[in-house]
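Each remark here refers to the structure printed beneath this line.
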Amino acid sequence: MVPALFPVRVVTVVLFAVLCGGCASLAPQRSELTTRVGRSDLSVAVMRTRVRDLARRFSGLIEALADDLAARSGSPHVASAMLRFKANAVPAVQSALFQPDPVAALIDTWTLLAQLEDSLPHTAVDASPELLARAHDTLVDLESQVEAEWRVVTGLEDVTEARDKVHAWAAAHPLTGPLVTRESTTALLASLTEVTGGGLRSTAANLVEDTRDLTARVDLYATSLPRQARWQAELVATDAMQAPTVQAALAELGRTVDLLDRVGALAANSPALIERERRAVLDSVHAERLGLQEFVNGERQAVFADVGRERQALVDALHAERVATLQQLDGLARGWVDHAFDRLGPLVDRVFLWLTLLTVLLGVGGLLGGLLLTRAWRRAR
Numbered sequence: 014m015v016p017a018l019f020p021v022r023v024v025t026v027v028l029f030a031v032l033c034g035g036c037a038s039l040a041p042q043r044s045e046l047t048t049r050v051g052r053s054d055l056s057v058a059v060m061r062t063r064v065r066d067l068a069r070r071f072s073g074l075i076e077a078l079a080d081d082l083a084a085r086s087g088s089p090h091v092a093s094a095m096l097r098f099k100a101n102a103v104p105a106v107q108s109a110l111f112q113p114d115p116v117a118a119l120i121d122t123w124t125l126l127a128q129l130e131d132s133l134p135h136t137a138v139d140a141s142p143e144l145l146a147r148a149h150d151t152l153v154d155l156e157s158q159v160e161a162e163w164r165v166v167t168g169l170e171d172v173t174e175a176r177d178k179v180h181a182w183a184a185a186h187p188l189t190g191p192l193v194t195r196e197s198t199t200a201l202l203a204s205l206t207e208v209t210g211g212g213l214r215s216t217a218a219n220l221v222e223d224t225r226d227l228t229a230r231v232d233l234y235a236t237s238l239p240r241q242a243r244w245q246a247e248l249v250a251t252d253a254m255q256a257p258t259v260q261a262a263l264a265e266l267g268r269t270v271d272l273l274d275r276v277g278a279l280a281a282n283s284p285a286l287i288e289r290e291r292r293a294v295l296d297s298v299h300a301e302r303l304g305l306q307e308f309v310n311g312e313r314q315a316v317f318a319d320v321g322r323e324r325q326a327l328v329d330a331l332h333a334e335r336v337a338t339l340q341q342l343d344g345l346a347r348g349w350v351d352h353a354f355d356r357l358g359p360l361v362d363r364v365f366l367w368l369t370l371l372t373v374l375l376g377v378g379g380l381l382g383g384l385l386l387t388r389a390w391r392r393a394r
């Protein structure tokens, strides 16, 4: 009888532990950010998701802005400047929006857009005022989306003071070179978070990237990095064509052609010499083309190798998280089972004691009954 009930008790205890763990995991938690901001519908995870969603849209809009301005201007100088503009601005916007701290990401992106607005007329010098105004309106629209997110974060409808501070900081720190060398906005972030209550920075600054952030970053890079690699290759080709050595080679090539024309006019009976010179020039141009093609192919392979390493790192992180979770659940289940057996031990001992006493009493009662029946039977004889 006891061995039959033992598996039932074990299954009951395990089910009870699993149900308790599930109920505990479903309990809603209110983050410190929610308490400090005072908005019951805002959490750090939601804020991160909203900020990460801006990265893909902003990258595409900035690329479209540069392509439209280059196409409408019809100027090779503006096209080259816009190629350099989007090759620097798109990675900078993605880097700003993928910071672990979503509040810092908003402020950094807001400041970067203000700096781009100020530097655009100096970048596209030969563009018409109408095209510059059109591009400026696009950047202002992006900035308004950041302002809308800042209103959600702070709970303030009027963000004029924050906008003035951002534009003042951008005017004091203009873009003078590549965007990777732009100054940090840490001081501006500190001043803005102090004005809005100080709780946002202290709460979100301790956050780290989780697997969802890595997945979003890898997905965006998978679509953006090939285009960025193409832009960099085009910039390399443009810079190579504008290099003094290449310009000198082209000028020398022109002088060589003029000389060959004169030699051809003077020595019409020397086609073999002209053919050798022509082949030498074509071989040189072909070698330059092959070298540039190899460089572009190497850059492409490097980009895909980086994407592969990022994907492998993400897979390893997911595997480690799964193993840690299973180990933690196994420890909890064993603890609950051990605790249940510790509590059931005294109860089982008591039940066995009562059963023993009952058996003894039944034995004594049966013995007495047998004696009584024996005596009654003897008297009856």
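Residue numbers for the sequence shown, in my numbering: 14 to 394. C-beta: ideal position from N, C-alpha, C; glycine also.
Are the beta-carbon atoms belonging to R61 and L144 less than 7 Å from one another?
-> no
If we call anything under 7 Å between Cβ atoms a contact, is L67 one with L110?
-> yes
DSSP three-state call for Q314: helix, strand or coil?
-> helix
Taking the CB atoms as reference points, tell me whether T151 and L78 lie closer together than 7 Å.
-> yes
Can the beta-carbon of A137 be found less than 7 Å from the beta-carbon of V91?
-> yes
Have a look at W390, P134, I75, A333 and flag the residue whose alpha-carbon is nearest the alpha-carbon of R188.
-> It is Leu, not Arg, that sits at residue 188 in the sequence shown. Comparing Cα positions, the closest option is P134.
Just checking my contact of V159 with W123 at CB under 8 Å: how many whole Å lie between their CB atoms?
-> 5 Å
What three-state label does DSSP hand P191 in the structure shown?
-> coil
Select from K99, A100, V106, D81 the residue whose C-alpha is nearest the C-alpha of R65.
-> V106
Helix, strand or coil at R289 according to DSSP, with G and I counted as helix | helix
When you compare only the Cα positions, how much space is there between W163 and E334?
-> 33 Å
Taking 7 Å as the CB-CB limit, is A184 close to chain B?
-> In summary, chain B is missing from the structure at hand, where a single protein chain is found.
Which one of I75, L74, S93 has the shortest CA to CA distance from A83?
-> S93
Environment of P191 [buried if 16+ CB atoms lie within 10 Å] = exposed
From what residue to what residue does the alpha helix (DSSP H) around E65 run?
-> In the sequence as presented, Glu is not what sits at residue 65; that position holds Arg. Taken as a continuous stretch (DSSP letters only), the alpha helix (DSSP H) holding R65 covers 57-86.
Could you check the C-alpha separation between G379 and D362 for me, to the nearest Å?
-> 25 Å
Taking the C-alpha atoms as reference points, what is the distance between G344 and A58?
-> 28 Å
How should V270 be labelled, buried or exposed, when 16 other C-beta atoms within 10 angstroms of its C-beta is the threshold for buried?
-> exposed
G376 in three-state terms, based on DSSP | helix
Kindly indicate which three-state DSSP category D351 falls into: helix, strand or coil?
-> helix
Distance, S197 Cα to D81 Cα = 30 Å
Which residue from D274, V116, N310, A148 puts its Cα closest to that of L202?
-> V116
Beta carbon of E76, beta carbon of K99: below 7 Å?
-> yes
Kindly indicate which three-state DSSP category G267 falls into: helix, strand or coil?
-> helix
Can you give, in chain order, each stretch of the alpha helix (DSSP H) that sits fully within the stretch 115-141 and has at least 4 residues?
-> 115-136
Going straight from the alpha carbon of D177 to that of A102, what length do you get?
-> 22 Å
Is L272 closer than 7 Å to E290 when the C-beta atoms are compared?
-> no
Length of the line joining the Cα atoms of A318 and R324 | 10 Å
CA-CA distance, A315 and Q306?
-> 14 Å
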